[in-house]
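Each remark here refers to the structure printed beneath this line.
Numbering (our numbering), first residue to last: 104 to 248.
Right, here's the structure in full:
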């Protein structure tokens, strides 16, 4: 009878750790994608992406740099079998993703020294005309095929 070079339970533990790390990498990558694809006016949308594990978080948090560290702590707690959620609950998040800005734009946004600037076209943000989460999802699916 042959002997195992590695105890099978040790092998299972190693595989579990590797798969968990791979999932954490995907979650981190997805968060990075929605962050860098986010349109920026004052930055509140970009820094309001929330990561939660096993339960959707419908809170609305005013974002700042701390949200990145909070997300990293949440992602670190991910275990195999968990479900990770990345969402943005700002009131205008759906408009950024699916359109809905006034078309045509009435005045635009006031920018000191520049006057009114139109930041949307055809009902969509000019900085994210194809959404944020949709493109991030497509990127992740393509990268991790």
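Here a beta-carbon is modelled for each residue, glycine too, at the ideal position from N, C-alpha and C.
Just so we're clear, the structure is a prediction, and the values are computed from it rather than from any experiment.
Cβ of residue i within 7 Å of Cβ of residue j?
i, j, result
"residue 244", "residue 141", "no"
"residue 133", "residue 239", "yes"
"residue 199", "residue 228", "yes"
"residue 137", "residue 152", "yes"
"residue 128", "residue 156", "no"
Using the Cα positions of residue i and residue j, report the straight-line distance between them to the nearest angstrom.
i, j, result
"residue 122", "residue 183", "7 Å"
"residue 214", "residue 116", "56 Å"
"residue 148", "residue 114", "43 Å"
"residue 187", "residue 105", "41 Å"
"residue 143", "residue 181", "29 Å"
"residue 191", "residue 208", "24 Å"
"residue 169", "residue 248", "32 Å"
What residues match up with residue i in a beta bridge as DSSP calls it?
i, result
"residue 190", "153"
"residue 212", "220"
"residue 227", "224"
Q. With contact counted as at least three CB pairs below 8 Å, one residue from each stretch, are the segment 213-227 and the segment 108-125 in contact?
A. no
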